[in-house]
Amino acid sequence: MEDILTLPEDLLSALHFVFKAPLLQALDLVDNKSVTKITCPAGRIAFQVLGSSGIPYICLPSSNFCSCQYYSFTVLKRNDVDLCKHVLAVLLSCAMEVCQEQQVSNDRMTQTLTPGHSEPEDEQPHHSRQT
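So for the sequence shown, UniProt numbering puts the first residue at 1; every next one is plus one.
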């Protein structure tokens, strides 16, 4: 199987110089195909990134926003960095044209973009329960 992350060494060095620590984690998310572009008939676009801990985060391309706590505390409040690993993974996935894609209804997109939303029963990942 061919590795999708066949970036030239000089490009990787430049990316690391600019983005530092989040780069390797973002490349890992890209390599694991954790980025899904979500679109709806109304034309809205969002990205869902399945974090390394298995938690899905919503990223908005127009503002480089992410729903993760790192973004809230390190990017917005402390202003230490410009992007979290999830937003960087979205940007890299789009540039490399390796995003997964999912078309949803307008209502589903609204639910996805609503803070604190929960997945409808039929769209939740199925986990086996031990009783």
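No residue lacks a Cβ here, since even glycine has one placed at the ideal position from N, Cα and C.
Option in the options with minimal Cα separation from residue i
i                : options                       : result
residue 134      : Thr39, Asp82, Leu92 and Ile45 : Lying before the first or after the last residue shown, residue 134 is absent from the chain, which here runs from 1 to 131.
serine 63        : Ile55, Arg78, Lys20 and Cys84 : Cys84
glutamate 101    : Phe47, Leu60 and Lys77        : Phe47
phenylalanine 65 : Ala21, Met96 and Leu113       : Leu113
7 Å Cβ shell around residue i - same chain, five flanking residues per side excluded
i          : result
proline 41 : Asn106
serine 67  : Tyr57 and Ile58
Beta-carbon proximity list for residue i, same chain, < 6 Å, skipping 5 on both sides
i             : result
alanine 89    : Ala26, Leu29, Val30, Val35 and Val49
cysteine 99   : Val35, Lys37 and Ser93
asparagine 32 : none
histidine 16  : Leu23
glycine 51    : Tyr57
Which of helix, strand or coil DSSP assigns to residue i
i           : result
lysine 20   : coil
leucine 12  : helix
leucine 113 : helix
Complete runs of the alpha helix (DSSP H) confined to the stretch 27 to 84 [at least 4 residues]: Runs found: none.
In chain order, each beta strand (DSSP E) run of at least 3 residues that lies wholly inside the stretch 84 to 110: DSSP runs (the beta strand (DSSP E)) wholly in the stretch 84 to 110: 100 to 103.
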